[in-house]
């Protein structure tokens, strides 16, 4: 399991790198759950990130496929290794598929190695959005790479307030069955890592838990908090490898 930390400044980049995050994610929390990072910020981070994988959000996207495709291409050309789009204003499967397919086309024609993330929202029923359990099949049909779930509203509610552990397990398993990676986020805490890991999640995203005072908007990512998250994740990964090795020895 990889840990993704969302940042909004160069100062936070330094903390993220010192803490050993697996993926540096760029977004603007003031513009929403997956608020778009400015292209010049993506470019600056790419220049200073010492080959760290860079993820860039392009927004909680309305149903505007052309706008989404252009934003995705801008993120890709600015240096993003992962381009992440929030399927917010797309209310039917066909709308989601059209928008995400256009994003994939724009990104992959520029560089086929860039990873495209299609993100649905666990709280979609609150605003009439697409059923989050349909995201894996949409991501597969659009030929994107990672199916993700986040929460749209950051009002104290968390991922687990909208979907049960069993539902999240189905989401992860279905993503894997379709040959996709599965990513989860949504006001997650460090103590959630064990549950998330046991679901088989490939990428877990954090911002609030990596920030001072757990404040995703007004707090700043700190090295200490990133280190804490990474230590827990590394121990989980290490214990799993030991368990596999022991099983191989017994067999």
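Numbering (the numbering used here), first residue to last: 1107 to 1357. Note that CB positions come from ideal geometry on N, CA and C, so glycine has one too.
Taking the beta strand (DSSP E) that residue 1297 belongs to, which residues open and close that run? Premise fails: residue 1297 is in no beta strand (DSSP E) and is neither H nor E.
Give, in chain order, every unbroken run of the beta strand (DSSP E) that is at least 3 residues long and sits entirely within the segment 1216–1272. 1221–1227 and 1252–1256
Please report the distance separating the alpha-carbon of residue 1205 from that of residue 1127. 30 Å
Which complete beta strand (DSSP E) runs does the segment 1140–1215 hold, if anything under 3 residues is left out? 1160–1167 and 1188–1193
Which first and last residues belong to the alpha helix (DSSP H) in which residue 1125 is found? 1116–1125
If we call anything under 8 Å between Cβ atoms a contact, is residue 1182 one with residue 1224? no
Within 8 Å, do at least three Cβ pairs link the segment 1202–1217 to the segment 1269–1279? no
Measure the CB-CB distance between residue 1112 and residue 1131 and report whether it falls below 8 Å. yes
DSSP three-state label for residue 1323, please. coil
7 Å Cβ shell around residue 1240 - same chain, five flanking residues per side excluded: 1199
Please determine, among 1187, 1232, 1235 and 1343, the residue with the shortest C-alpha to C-alpha distance to residue 1219. 1187
Alpha-carbon to alpha-carbon, residue 1116 and residue 1230: 32 Å
Using alpha carbons as the reference points, say which of 1270, 1259 and 1330 lies closest to residue 1120. 1330
Using DSSP with H/G/I as helix, E/B as strand and the rest coil, what is residue 1070? Here the chain has residues from 1107 to 1357 only, and residue 1070 is not among them.
Who does residue 1113 pair with in a DSSP beta bridge? 1132
Check whether the segment 1169–1178 and the segment 1191–1198 are in contact - that is, three or more C-beta pairs closer than 8 Å. yes
Alpha carbon of residue 1263 to alpha carbon of residue 1292, nearest angstrom: 8 Å
From which residue to which residue does the beta strand (DSSP E) around residue 1290 run? 1287–1290
Do you know how far the Cα of residue 1338 is from the Cα of residue 1160? 22 Å
If I measure Cβ to Cβ from residue 1147 and keep anything under 7 Å in the same chain, skipping five residues before and after, which residues do I get? 1132
Could you compute how far the alpha carbon of residue 1134 sits from the alpha carbon of residue 1145? 12 Å
Measure from the C-beta of residue 1231 to each C-beta in chain B and report whether the shortest distance is under 8 Å. Among the chains of the structure shown, chain B does not appear; only one protein chain is present.
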